[in-house]
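Comments concern the structure below.
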Amino acid sequence: MSTIDEVKSRIDIVDLVSEAGVKLRKAGRNYTGFCPFHSNTKTPAFVVWPETGTWRCFGQCNEGGDVFKFVMKKEGWDFKEALQHLAQRAGVELQEYTPQQEAQKELYDSLRALLEEAVLYYRNHLLNTPDVLNYLREKRGLTDATIETFGLGYAPPGWDNALKHFTERGYSEQDLFDAGLLSERDLGGYYDRFRHRIMIPIRDERGRMAGFGARIVEPEDLPKFLNSPETPIFSKGNLLYGLDRARKSIRAADQAVIVEGYLDVIAVHQAGYENVVSPMGTALTEDQLRLLKHFTRKIVLALDPDTAGQKAILRGLDAARQAMDSSAPVFDQGGDRLFDAPSLMRFSSQLQANINVAALPDELDPDEIVQRNPDEWVQLISSAKPIVIHVMDELMAERDINDPKVKSDVAAELIPLIESISNAIERDDYRQRLARKLQIDERVLIPLSASS
Ligand SMILES: [Zn+2]
């Protein structure tokens with residue numbers, strides 16, 4: 000028997016579901032109750048079959064599965080976490096690690112433990128630095144509870160505060176360097192990487208410490224954001240800020256919203272919308288989208304107005320067109336960073352994810368919008384548009400669409416993007432929309448597309 004089957008055989012699904020707060024009633028050989036995954040139900044549409052160890056909701060969710068699927072959905076866990084939890088409950092020992100894996104795990108655990116101490120260290124400095132604390136409270140509108148929940152801190156000015164603090168506690172300079180807290184001098188020796196900055200702990204999707212994002216306090220300091228360097232446990236391209244706190248909500252809402260900054264994530268969570276994450280101050284990566292896909296396939300990009308993200312989404316159109324003209328493979332180049340429309344389209348079809356764009360109004364960042372009116376956030380997100388439509392609107396904004404030259408330019412920019420869509424019906428629909436917006440006959444758009 001496999002470990003998974005053994006765990007299944009030892010877990011009583013009726014107990015498991017009951018302990019999760021579902022009142023079950025026996026109905027013949029099965030049990031029924033109210034579904035824990037959707038609200039406002041009037042009928043007990045949730046059925047548990049003890050003999051097969053399975054469940055199903057015949058109501059709104061129309062979902063079902065085994066004990067693993069149940070705890071994954073209930074707790075927002077991935078399969079590995081569900082297995083660990085249920086194996087422990089069932090008293091089934093999971094397979095041992097190899098010595099290499101053991102050593103690696105030990106290194107990771109020690110780095111994480113050091114970073115947890117660093118969270119406390121920076122937090123302590125924040126509580127003793129009223130100027131910075133007041134900046135977070137007054138300028139960023141964060142409550143003390145939020146500051147505490149997200150573990151915000153402050154790195155004091157000076158070159159060796161953290162270095163002294165942690166070496167006095169028995170850590171070596173090498174430990175601190177490996178954890179990303181120190182930088183190396185050209186001529187040897189180390190100094191504090193983070194100085195006079197607001198410290199934002201970055202955790203992986205399971206809540207384990209990975210590194211820090213650090214934001215300036217003085218407007219003139221540079222760079223505005225400074226992350227931990229790449230370490231064995233911190234890799235910018237593989238982490239999404241806030242995912243540990245957002246995952247449950249992402250799964251429940253079946254939607255993830257991506258914003259551009261850490262403090263935006265925090266502010267929007269504070270406003271009660273917890274399905275929000277951000278990349279690490281750089282463009283999205285394929286790995287980050289794959290990570291999100293564990294929780295949902297519906298993604299909304301809420302990009303700040305007039306920022307790198309907004310501009311980047313239009314970038315790549317030229318490259319796409321050139322690639323098409325020269326009949327080279329379309330959209331295959333461009334590295335692994337994305338935000339630009341062609342790459343986003345490519346990944347959304349590869350991952351079968353549905354990516355929409357919400358353009359934020361009035362030059363406001365997400366944190367300013369939720370401060371102005373939290374309801375507005377919901378409206379903005381629900382009115383997010385498919386990438387092609389977003390790009391269409393952006394290209395036509397503030398241009399004289401009655402000018403034949405402008406029509407021709409816009410069509411030339413958009414056609415390669417539309418032709419890259421693999422679904423023929425969608426492709427056709429976008430072509431029709433474009434024709435309508437440009438007030439031209441749709442047929443003239445077809446010859447523009449080289450290979451269809
Ligand atoms: Zn349900």
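Numbering-wise, numbering that gives the first Met the number 0 puts 232 at position 233 of the sequence shown, and it's gapless, one number per residue.
The beta carbon of each residue, even a glycine, is placed where N, CA and C say it ideally should be.
This one's a predicted model, so the numbers in the text were calculated from it and none came from an experiment.
- Just so you know, the alpha carbons of R205 and E115 end up roughly 14 Å apart.
- Taking 7 Å as the cut-off, the C-beta of A44 counts as close to a heavy atom of ligand 1.
- Taking the Cα positions, N160 is about 15 Å away from E183.
- Judged by their CB atoms, V258 and P365 are nearer to each other than the 8 Å cut-off.
- Distances from the CB of F36 to the heavy atoms of ligand 1 include at least one below 7 Å.
- Pairing G63 with S277, the inter-Cα distance amounts to about 31 Å.
- The Cβ neighbour count for L106, taken over all protein chains shown within 10 Å, is under 16; the residue is labelled exposed.
- Counting along the chain, L126 sits inside no beta strand (DSSP E); it lies in the alpha helix (DSSP H) bounded by residues P98 to L126.
- Per DSSP, reduced to three states, the secondary structure at I368 is helical.
- Taking every protein chain shown into account, the CB of K404 has fewer than 16 other CB atoms within 10 angstroms, so this residue is exposed.
- Taken through DSSP and simplified to helix, strand or coil, R202 comes out as strand.
- The region 192 to 205 makes no contact with the region 90 to 102; the number of CB pairs closer than 8 Å stays below 3.
- Here V13 has L23, Y30, V47 and P49 as same chain residues with Cβ atoms under 8 Å from its own Cβ, once five neighbours each way along the sequence are excluded.
- Relative to ligand 1, the beta carbon of G58 is positioned inside 7 Å of a heavy atom.
- If only complete runs of 4 or more residues are kept, the region 363 to 421 shows the alpha helix (DSSP H) at 365 to 371, 373 to 381, 386 to 395 and 403 to 418, in order along the chain.
- F149 is classed as buried because its beta carbon has at least 16 other beta carbons within 10 Å across all chains shown.
- Inter-residue distance for F57 and S109 is about 47 Å (C-alpha atoms, whole angstroms).
- Counting only the Cα atoms, I445 lies some 57 Å from A144.
- Counting only residues of its own chain and dropping the five nearest sequence neighbours on each side, V275 has a CB closer than 7 Å to the CB of G241, A245, V256, V258, V264, V267 and H268.
- With a minimum length of 3 residues, the unbroken runs of beta strand (DSSP E) contained wholly in the region 234 to 304 fall at 255 to 257 and 297 to 302.
- For Y170, the three-state secondary structure derived from DSSP is coil.
- Scanning G212, T230 and P231 for the CA closest to the CA of P222 turns up G212.
- Annotation: the continuous alpha helix (DSSP H) that includes K436 extends over A423 to L437.
- Under DSSP, G152 forms a beta bridge with M198.
- Linking V299 to R345 through their CA atoms gives a straight-line distance of about 16 Å.
- If you look at V6, you'll find it in the alpha helix (DSSP H) that goes T2 to R9.
- The Cβ atoms of T230 and V91 lie no closer than 8 Å to each other.
- Listed in chain order, the non-local C-beta contacts of G32 below 7 Å within the same chain comprise V21, K22, L23, R24, P43 and F45, local neighbours out to five positions each way being set aside.
- In the structure shown, I12 falls within a helical segment according to DSSP collapsed to helix, strand and coil.
- Boundaries of the beta strand (DSSP E) around K25: R24 to A26.
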